[in-house]
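Residue numbers (this note's numbering): 137 to 526. Working notes for the structure below.
Here you go:
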């Protein structure tokens with residue numbers, strides 16, 4: 137909550153920020169160094185016994201620390217930011233999986249406040265003393281809110297680990313989806329037997345990360361019947377759900393999940409292919425959603441395009457400069473026509489889609505070829521345009 141500065145211009149001691157504090161407060165936040173915050177946090181974390189036992193790898197702790205502080209700083213900048221919520225929930229689920237106690241988790245999170253506050257004091261000047269005082273409670277509230285989200289993630293994960301069967305199941309599923317190399321067929325057959333699932337069935341792999349994973353995990357935590365229909369695991373911070381295609385399409389308990397637009401879904405044939413399907417689904421889940429839609433096989437051009445970005449192969453896809461000689465209106469008309477043709481594969485269908493004569497489409501395709509040297513009626517040439525505009 138922000139209060140107004142007294143009209144007489146004085147600055148009495150206050151525990152609430154003034155509206156006039158905003159610019160300087162944002163400047164102080166800009167001065168915070170994520171790497172330094174993470175290092176300070178990790179040094180202090182060594183004093184927490186369960187973390188000192190290396191139940192969580194140093195790399196994972198460092199990555200989580202950076203993500204957490206980035207989220208906390210963003211939350212202190214923008215009141216409705218969800219970055220901290222996603223980071224906190226992921227920390228909670230990760231620590232539950234590692235066997236860290238809830239008390240140790242909360243102790244670690246309290247260190248976030250100490251580290252943040254010390255860093256703010258370090259970058260502030262003497263003139264900022266009252267401003268810091270006015271923000272002390274606010275910083276604590278943000279960290280406390282973060283702790284609540286982390287605890288939600290922790291409890292949601294622990295609820296899914298209530299018996300030894302679930303722990304064994306989790307280990308087996310992790311072996312299917314989270315090993316560096318593809319498991320041998322003989323081993324996947326053994327895993328199928330141990331899990332009591334059909335090895336030759338078609339499998340649906342659903343992946344989600346960030347806020348989508350938070351939403352998905354909360355949905356699972358609140359619906360025992362849905363959880364019983366699925367196998368779940370993680371690849372890093374990506375949540376993976378596995379279910380036979382038959383169950384996916386027929387079980388009423390999964391209806392809400394089927395209708396959701398969260399994450400990415402791929403279908404593979406046989407449990408041997410689940411390993412590859414999990415990787416593909418994870419990479420698709422990392423793509424931004426278009427119009428809130430779930431990602432799938434049809435998003436392969438965007439996935440390939442993202443992997444080419446920053447490489448020398450981008451030169452093959454760079455023809456935008458050749459379209460610069462068009463007016464903006466002609467450029468837009470040509471692109472719409474080319475996209476319609478690539479989508480339908482037919483001049484007539486593209487013309488119907490755009491409510492114009494087929495000759496108009498043909499002329500625009502010809503003009504595109506004149507400008508770029510690419511003939512989209514030739515499949516191998518069309519592929520470069522599909523990727524460039526993905």
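Glycine residues also receive a C-beta, built at the ideal position from the N, C-alpha and C atoms.
Threshold first: 4 residues or longer. Then list the alpha helix (DSSP H) segments lying entirely within the segment 362-397, N to C.
Counting only runs of 4 or more residues that sit fully inside the segment 362-397, the alpha helix (DSSP H) segments are 381-386 and 391-395, in chain order.
Determine the extent of the beta strand (DSSP E) in which residue 405 is found, giving its start and end residues.
Mapped onto the chain shown, residue 405 falls at position 269. Unbroken beta strand (DSSP E) run through residue 405: 400-405.
Starting from the C-beta of residue 145, find all residues in its chain whose C-beta is less than 8 Å away, skip the five residues before and the five after it, and write them out in chain order.
Within the chain shown, numbered from 1, the residue matching residue 145 stands at position 9. Residue placement at residue 145 is poorly supported in this model, since its pLDDT is 48, which falls under 50; the coordinates still yield a value, given next. Closer than 8 Å at the Cβ level, and outside the excluded window around residue 145, lies no residue.
Look at the Cβ atom of residue 312, then the Cβ atom of residue 236, and state whether they are nearer than 9 Å.
Numbered from its first residue, the chain shown carries residue 312 at position 176. Numbered from its first residue, the chain shown carries residue 236 at position 100. In terms of Cβ geometry, residue 312 and residue 236 do not form a close pair [threshold 9 Å].
Where residue 233 and residue 294 are concerned, what is the direct C-alpha to C-alpha distance, given to the nearest angstrom?
Locating residue 233 in the chain shown gives position 97, where the first residue counts as 1. Locating residue 294 in the chain shown gives position 158, where the first residue counts as 1. Those two C-alpha atoms are separated by around 8 Å.
From residue 376 to residue 524, what distance separates their C-alpha atoms?
Translated into positions along the chain shown, residue 376 becomes position 240. Translated into positions along the chain shown, residue 524 becomes position 388. Their backbone Cα atoms lie some 29 Å apart in a straight line.
Beta-carbon spacing of residue 371, residue 314 below 9 Å:
By 1-based counting over the chain shown, the position of residue 371 is 235. By 1-based counting over the chain shown, the position of residue 314 is 178. Cβ atoms of residue 371 and residue 314: closer than 9 Å.
Would you mind sorting residue 163 into buried or exposed? The rule is 16 or more other CB atoms within 10 Å of its CB.
What you label residue 163 is simply residue 27 of the chain shown in a count that begins at 1. When all chains shown are included, residue 163 counts as exposed.
Would you check if the distance between the CB atom of residue 338 and the CB atom of residue 403 is smaller than 9 Å?
For the purposes of this step, residue 338 is taken as the residue at position 202 of the chain shown. For the purposes of this step, residue 403 is taken as the residue at position 267 of the chain shown. Yes, they are a contact pair.
With a threshold of 8 Å on Cβ separation, who are the neighbours of residue 275 within its own chain once the five nearest residues in sequence on each side are excluded?
To locate residue 275, count along the chain shown from 1; it is residue 139. Answer for residue 275: 212, 249, 252, 253 and 256, listed in chain order.
Less than 8 Å between the CB atoms is what I'm expecting for residue 342 and residue 308, so what's the real figure, rounded?
By 1-based counting over the chain shown, the position of residue 342 is 206. By 1-based counting over the chain shown, the position of residue 308 is 172. Contact between residue 342 and residue 308 does not hold, since their C-beta atoms are separated by about 18 Å, which reaches or exceeds 8 Å.
Local Cβ density within 10 Å of residue 207, reported as buried at 16 or more and exposed below that
Reading the chain shown from its first residue, position 71 is the one you call residue 207. Buried.
Jot down the residue ranges of each uninterrupted beta strand (DSSP E) in the segment 320-364, minimum 3 residues, whole runs only, in chain order.
Listed in chain order, they are 338-344.
Provide the residue(s) that pair with residue 431 in DSSP beta bridges, ordered along the chain.
Position 295 of the chain shown, counted from the start, is the residue given in the question as residue 431. Bridge partners of residue 431: 400.
Where does residue 493 sit, in a helix, a strand or coil, going by DSSP?
Taking the first residue of the chain shown as 1, we reach residue 493 at position 357. Three-state DSSP puts residue 493 in coil, outside helix and strand.
Continuous alpha helix (DSSP H) stretch holding residue 284: start and end
On the chain shown, residue 284 is found 148 positions in, with the first residue counted as 1. 265-295 is the span of the alpha helix (DSSP H), which, as asked, contains residue 284.
Selected residue, minimal CA-CA separation from residue 366, among 351, 491 and 382:
Your numbering for residue 366 matches position 230 in the chain shown. Comparing Cα-Cα distances from residue 366 to each of 351, 491 and 382, the minimum goes to 382.
Which value, in whole angstroms, describes the spacing of the CA atoms of residue 219 and residue 161?
Sequence index remark: in the chain shown, residue 219 carries index 83 (1-based). Sequence index remark: in the chain shown, residue 161 carries index 25 (1-based). C-alpha separation (whole angstroms): 19 Å.
Measure the alpha-carbon distance for residue 215 versus residue 152 and round it to whole angstroms.
Counting from 1 along the chain shown, the entry for residue 215 is found at position 79. Counting from 1 along the chain shown, the entry for residue 152 is found at position 16. Their Cα atoms are separated by approximately 15 Å.
Pick helix, strand or coil for residue 161, following the three-state DSSP scheme.
Position 25 of the chain shown holds residue 161. Per DSSP, reduced to three states, the secondary structure at residue 161 is helical.
Alpha carbon of residue 505 to alpha carbon of residue 419, nearest angstrom
In the chain shown, residue 505 corresponds to position 369, counting from 1. In the chain shown, residue 419 corresponds to position 283, counting from 1. Distance between the alpha carbons of residue 505 and residue 419 is about 33 Å.
Identify whether residue 423 lies in helix, strand or coil by the three-state DSSP scheme.
Taking the chain shown and counting its residues from 1, the one referred to as residue 423 is at position 287. If DSSP states are grouped into helix, strand and coil, residue 423 belongs with coil.
How about residue 259 and residue 167: are their beta carbons less than 9 Å apart?
Here the question's residue 259 lines up with position 123 in the chain shown. Here the question's residue 167 lines up with position 31 in the chain shown. The answer is yes: Cβ separation under 9 Å.
At what residues does the alpha helix (DSSP H) containing residue 442 begin and finish?
Mapped onto the chain shown, residue 442 falls at position 306. Looking at the DSSP string, the run of the alpha helix (DSSP H) that includes residue 442 is 436-444.
Take the Cβ of residue 261 as the centre, count every other Cβ of all protein chains shown within 10 Å, and call the residue buried at 16 or more, exposed below.
Start at 1 with the first residue of the chain shown, and residue 261 comes out as number 125. Sixteen is the threshold: since fewer than 16 other Cβ atoms of the shown chains lie within 10 Å of the Cβ of residue 261, the residue is exposed.
Residue interval of the alpha helix (DSSP H) (run including residue 480):
Looking up residue 480 in the chain shown gives position 344. Counting along the chain, residue 480 sits inside the alpha helix (DSSP H) bounded by residues 464-480.
With DSSP collapsed to three states, give me the class of residue 208.
Position 72 of the chain shown, counted from the first residue, corresponds to residue 208. Here residue 208 carries a helix assignment [DSSP, helix/strand/coil].
Kindly indicate which three-state DSSP category residue 505 falls into: helix, strand or coil?
The residue given as residue 505 occupies position 369 in the chain shown. Residue 505: helix per DSSP, three-state reduction.
Which of the three DSSP states, helix, strand or coil, is assigned to residue 243?
Looking up residue 243 in the chain shown gives position 107. Three-state DSSP puts residue 243 in a helix.
At which residues does the alpha helix (DSSP H) containing residue 459 begin and terminate?
Numbered from 1 along the chain shown, position 323 holds the residue referred to as residue 459. No alpha helix (DSSP H) contains residue 459, which DSSP labels as neither H nor E.
Whole-angstrom distance between residue 423 and residue 508, CA atom to CA atom:
Within the chain shown, the letter at position 372 stands for residue 508. Within the chain shown, the letter at position 287 stands for residue 423. Each residue's alpha carbon lies about 28 Å from the other.
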